[in-house]
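What follows is a single structure, written as structure tokens, with notes after it.
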Amino acid sequence: MNRTFAIAIGGAAGQGVATPGDIFARIFSRRGLHLNAYNAYQSIIRGGHTLLTIRTGPARVTNMGDRIDLLLPLNQDTADRHLKLLTDGAACIYNADTITPGAAADGVQLCPLPVSQLVDITRNKVAQNTLAMGAGLHMMGIGFSALEEVLREQFRKKGDAVIAENVGVARAGYDYAAAHFRSFPNPLPKGDERYAILSGNMALAMGGAAAGVKFYCAYPMSPSTGVLHWMAAHARKAGIMVRQVEDEIGVINMAIGAAHAGVRSMCATSGGGFALMSEGLGMSAMIETPVVVIDCQRAGPSTGVPTKTEQGDLWQMLGAAFGDYPRVIAAPLDIGDCFKLIPEMFNLVDRFQCPGLVLCDLLLSEGRLSVHPSELDFGPPIDRGELITGNNGVFPSAATNGGYKRYKFSDSGISPRAVPGVPGHIHTVATDEHMEDGVLISDEFTNPVKRRAMMEKRMRKVSGIEAAVPPPELVGPPDADVTLVGWGSTKGVIQESCEILNEQGISANQLQVRWLVPLHGEAILKILKKARHTIIVENNFSGQFARYLRSETSLVPEGHIRKYDGEPFMPHHIVEAVKEQLEGKTHLSVPMHEIMV
Amino acid sequence: MATGVQRAGQVTLADLKGKVDPDWCPGCGDFGVLAAIQKALVELQIPNHDVVAISGIGCSSNLPGFLNTYGMHTLHGRALAVATGLKLANHRLTVLVTGGDGDGFGIGGNHFIHTMRRNVDLLYIVMDNQIYGLTTGQTSPTSRVGMKTKSMPFGNIEPPVNPISLALAAGATFVARGFSGDQKQLTDLIKKGIQHKGFSFLDVFSPCVTYNLDNTYQWFRPRLKKLEDDSSFDPSNWTSAMEKSVVWGDEIPIGKFFERNDSPSLHELEPVLNEGPLVDRDPSVPRDIARSFVEELM
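If you're matching them up, the sequences are chains U and Y in order. Using our numbering, read the first sequence as starting at 1 and increasing by one per residue. Using our numbering, read the second sequence as starting at 1 and increasing by one per residue.
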């Protein structure tokens with residue numbers, strides 16, 4: 001079992017939760033440790049409660065875990081909300097001048113810092129935070145130089161005086177803890193690797209750059225805006241045109257316009273913006289111009305809970321735009337996969353000339369994970385499919401123009417795609433139904449034979465896509481007591497839940513779905529038919545994936561674990577739910593999220 | 001370049017004839033707009049593979065299918081957004097956007113305003129017939145007050161949008177009005193609009209002979225007064241253009257209202273395009289830059 005250590009830092013938004021979070025993350029990653037960070041916050045720029053959890057350990061940390069080892073409340077509110085959740089062996093470092101701790105469980109060490117005696121708080125408003133970091137560092141068994149190094153970088157631009165002051169304050173906290181607080185029994189280990197720390201949104205954006213995206217546009221919408229921020233900040237270095245557009249309808253249409261000119265084009269939004277893009281997806285499918293759209297799901301419906309996570313947009317994706325058309329839908333499994341998936345998605349949509357949808361969620365988009373730099377491969381295979389550009393085109397003479405048929409019938413349903421500007425391939429694409437040469441059927445006469453032929457040409461691409469995408473695989477003991485099925489971002493927490501169950505004598509395995517369309521229903525059915533007890537775990541109310549799986553395979557699982565309170569699953573939610581279901585108490589568990597934020 | 005590239009002097013009207021003939025009603029104003037576009041392209045000698053005609057949905061939006069250039073017949077109201085993306089991805093192309101008044105000023109109104117303020121280098125021709133034709137005759141954003149249609153059978157009670165004033169207010173750098181019954185002036189305005197660097201807006205009175213029996217060729221002819229015939233009018237003066245834009249009634253000004261040539265186009269403002277069109281770029285990120293992206297996360 002992975003030995004981990006979790007720090008939670010809580011306070012009002014604007015009180016400086018992020019900075020100690022970043023500093024601890026950097027110290028852990030430089031120590032060669034993995035980490036996973038999740039920030040529970042509200043849609044308020046100043047004020048409102050926020051709790052940042054950073055969980056670190058020598059092996060990959062896949063989720064926020066169940067336990068807080070060290071709580072740093074920056075205000076009374078945080079202490080009131082979270083102190084009662086600490087268990088034996090945990091500690092809480094707080095400013096004794098401003099915070100009166102409530103009751104704590106046995107074995108929880110209360111560590112009051114006499115802040116006004118240790119530093120001049122009139123000079124340094126975040127002194128309590130810096131003191132607490134120093135104290136915490138000592139208790140974790142990390143040498144002071146690790147913090148000093150990061151503080152020097154953090155305040156580099158502010159000059160030597162500011163650096164010296166902050167290092168001094170941190171040192172005072174470190175020394176005070178040495179004299180007054182009990183250190184944790186196991187000092188944090190060290191590893192040899194160094195990891196990059198990134199959010200899912202950064203990973204999606206960087207994955208786009210690696211895939212060769214040359215056009216990115218967006219309208220700001222939480223929790224997808226981080227993709228726009230990375231793109232905008234790095235656009236000029238990476239040679240990417242980044243535009244902020246008037247609305248999401250403009251976004252999808254602009255993205256398709258750029259894609260039609262021949263570049264890889266991407267956009268990201270959340271559920272509400274995606275709803276506005278729906279008609280545009282139909283155009284991408286009909287004119288057969290590939291585009292990749294990312295939906296970073298948040299809790300809906302409507303404006304919903306903009307700062308909370310959910311897996312509630314699956315059916316919106318499945319039903320986006322009217323009519324039948326080929327599409328690809330995938331849900332990244334973790335933050336590293338956010339990077340890896342984008343080039344794969346582009347290769348598919350370029351080959352099959354259709355829209356590709358990426359179903360991410362707030363948990364990954366705004367969470368942070370340590371990823372080995374080798375996983376951030378900026379040289380992935382790039383397959384642009386049957387694309388005719390000014391660079392690769394074999395041009396027929398102008399006189400033969402008209403021989404080229406943009407929507408030429410083929411066994412694969414794929415027709416070579418010439419981009420505007422290429423001589424000898426002039427054609428008009430249309431969202432109206434059209435013939436092989438692009439001419440509208442309605443302009444000639446509405447012909448059922450031709451309509452059927454063109455519909456079948458497009459839909460032939462579906463079997464090609466299915467063959468290009470692998471089915472999901474069962475992980476864990478083959479003949480387990482329980483099989484947990486999840487999709488997308490729940491991979492890590494289900495994996496840890498299985499480990500805990502196996503330790504407790506309940507054998508559990510996992511089937512995690514990454515490719516939602518095509519689903520490979522038959523392969524899934526083959527696996528689940530052998531399962532003793534199948535439970536589908538998902539972050540929504542109605543069991544959207546369970547309903548989808550049933551519609552594709554007729555499979556009715558033994559049970560469901562669902563959560564729709566805005567917060568992600570923690571391992572114990574799943575473990576306890578599995579136990580109650582195996583005992584026959586229920587077939588639908590909706591775990592209560594204890595940490596109220 | 002390989003074979004097949006047309007040389008100057010080669011583009012003829014026959015080259016620009018589409019695969020199918022227009023299916024507009026006999027007498028539709030849109031025939032005149034199509035003919036003027038073809039004449040303008042011949043006079044400018046732009047190879048037809050370097051032109052993209054982009055439209056939305058509606059009678060007039062069928063135009064790209066009747067013109068032998070690259071074309072995109074997109075979604076209702078969205079042509080300008082599509083055109084912006086296409087132009088930014090390959091700014092070598094000459095981009096024409098065509099559509100109707102419902103498409104541009106109704107469902108597409110938001111894109112209309114923002115494409116103008118961005119000064120995207122394209123010519124936007126609106127075939128303004130003051131009615132919804134393809135849906136068989138409903139009130140449009142430019143229908144006059146009192147006009148009876150199927151959707152407002154007792155007469156329109158909503159004042160119309162003024163496309164010329166709107167374009168001037170939104171920052172269009174070329175604003176003109178044409179009439180499909182005057183080929184010579186219309187062809188000239190299309191040429192000027194294509195040659196203008198930046199966003200060119202051309203509102204064309206293009207009568208609907210089937211559903212708009214108020215604003216007919218006969219109604220327009222005696223009212224139209226050419227701005228170029230007024231020697232006191234200065235189209236480089238935005239305030240005079242705004243004043244002229246609200247003139248409507250027995251006299252309706254027609255011609256070029258406004259042009260300024262000192263504003264850079266959107267594609268000229270973004271340094272990412274300094275190395276040439278995006279479509280020509282190698283998709284891969286240079287190794288040292290990729291390394292710097294990862295390093296900053298460590």
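For every residue, glycine included, the Cβ atom is placed at its ideal position computed from N, Cα and C. From a predicted model like this one, the values you see are computed outputs, not experimental measurements.
Below 8 Å, enough C-beta pairs join the region 359 to 367 of chain U and the region 311 to 331 of chain U to call them touching: three or more.
Under the three-state reduction of DSSP output, residue 45 of chain Y falls in the coil class, being neither helix nor strand. Here residue 228 of chain Y has 255 as same chain residues with Cβ atoms under 6 Å from its own Cβ, once five neighbours each way along the sequence are excluded.
By the neighbour-count criterion, in which a residue is buried when 16 or more other Cβ atoms sit within 10 angstroms of its Cβ, residue 429 of chain U is buried.
Beta-carbon to beta-carbon, residue 124 of chain Y and residue 97 of chain Y are separated by about 5 Å, close enough to satisfy the 8 Å threshold. By the rule that beta-carbons nearer than 8 Å mark a contact, residue 50 of chain Y touches chain U. In this structure, the alpha-carbon of residue 410 of chain U lies about 15 Å from that of residue 438 of chain U. With respect to the C-alpha of residue 144 of chain U, the residue from U/174, U/166, U/164 and U/197 having the closest C-alpha is U/174. Between residue 245 of chain U and residue 217 of chain U, the beta carbon gap of about 5 Å places them in contact (Cβ cut-off 8 Å). Beta-bridge annotation (DSSP): residue 205 of chain Y is paired with Y/128 and Y/179. A Cβ-Cβ contact shorter than 8 Å links residue 241 of chain U with residue 272 of chain Y. Taking C-beta atoms as the reference points, residue 568 of chain U and residue 540 of chain U fail to come closer than 8 Å.
When C-alpha distances from residue 190 of chain U are compared across U/288, U/282 and U/56, the shortest belongs to U/56.
Residue state for residue 259 of chain Y is assigned as strand, using DSSP reduced to three classes. Minimum Cα-Cα distance from residue 72 of chain U among the listed residues U/35, U/47 and U/16 corresponds to U/16.
Scanning chain U for C-beta atoms nearer than 9 Å to the C-beta of residue 116 of chain Y yields nothing, as the closest lies near 11 Å away. Under the DSSP definition of a beta bridge, residue 244 of chain U partners with U/218. Along the length of the region 61 to 144 of chain U, whole beta strand (DSSP E) runs at least 3 residues long occupy 70 to 73, 91 to 95 and 109 to 113, reported in chain order. Looking at the DSSP output, residue 384 of chain U sits in no beta bridge, so it has no partner there. Secondary structure of residue 374 of chain U (DSSP, three-state): helix. Excluding five sequence positions before and after residue 87 of chain U, the CB atoms of its chain that fall closer than 8 Å to its own CB belong to 67, 105, 107 and 108, given in chain order.
Taking C-beta separations shorter than 8 Å and ignoring five residues to either side along the sequence, the partners of residue 172 of chain U in its chain run 118, 119, 131 and 134, following chain order. With a threshold of 8 Å between beta carbons, residue 253 of chain U makes contact with chain Y. Rounded to the nearest whole angstrom, the C-alpha separation of residue 139 of chain U and residue 112 of chain U is 13 Å. Here DSSP, grouped into helix, strand and coil, assigns residue 10 of chain Y to coil.
Rounded to whole angstroms, the gap between the alpha carbons of residue 20 of chain Y and residue 244 of chain Y is 40 Å. Rounded to whole angstroms, residue 518 of chain U and residue 39 of chain U show a C-alpha spacing of 33 Å.
Put simply, the region 283 to 292 of chain Y touches the region 207 to 217 of chain U. At least three CB pairs are less than 8 Å apart. Taking a contact to require three or more Cβ pairs closer than 8 Å, the region 248 to 266 of chain Y and the region 162 to 176 of chain Y qualify as touching. The alpha-carbon separation between residue 178 of chain U and residue 54 of chain U amounts to approximately 23 Å. Interface residue (Cβ-Cβ distance to chain U less than 8 Å): residue 293 of chain Y is classified as such. In this structure, DSSP gives residue 319 of chain U a helical state, which the three-state scheme calls helix. The beta carbon of residue 269 of chain U sits closer than 6 Å to the beta carbons of 221, 224 and 248 from its chain, once the five residues preceding and following it are set aside; these are given in chain order.
With a cutoff of 8 Å on beta-carbon distance, residue 450 of chain U and residue 413 of chain U are scored as not near each other. Interface residue (Cβ-Cβ distance to chain Y less than 8 Å): residue 500 of chain U is not classified as such.
Between the C-alpha atoms of residue 446 of chain U and residue 465 of chain U there is a straight-line separation of about 30 Å.
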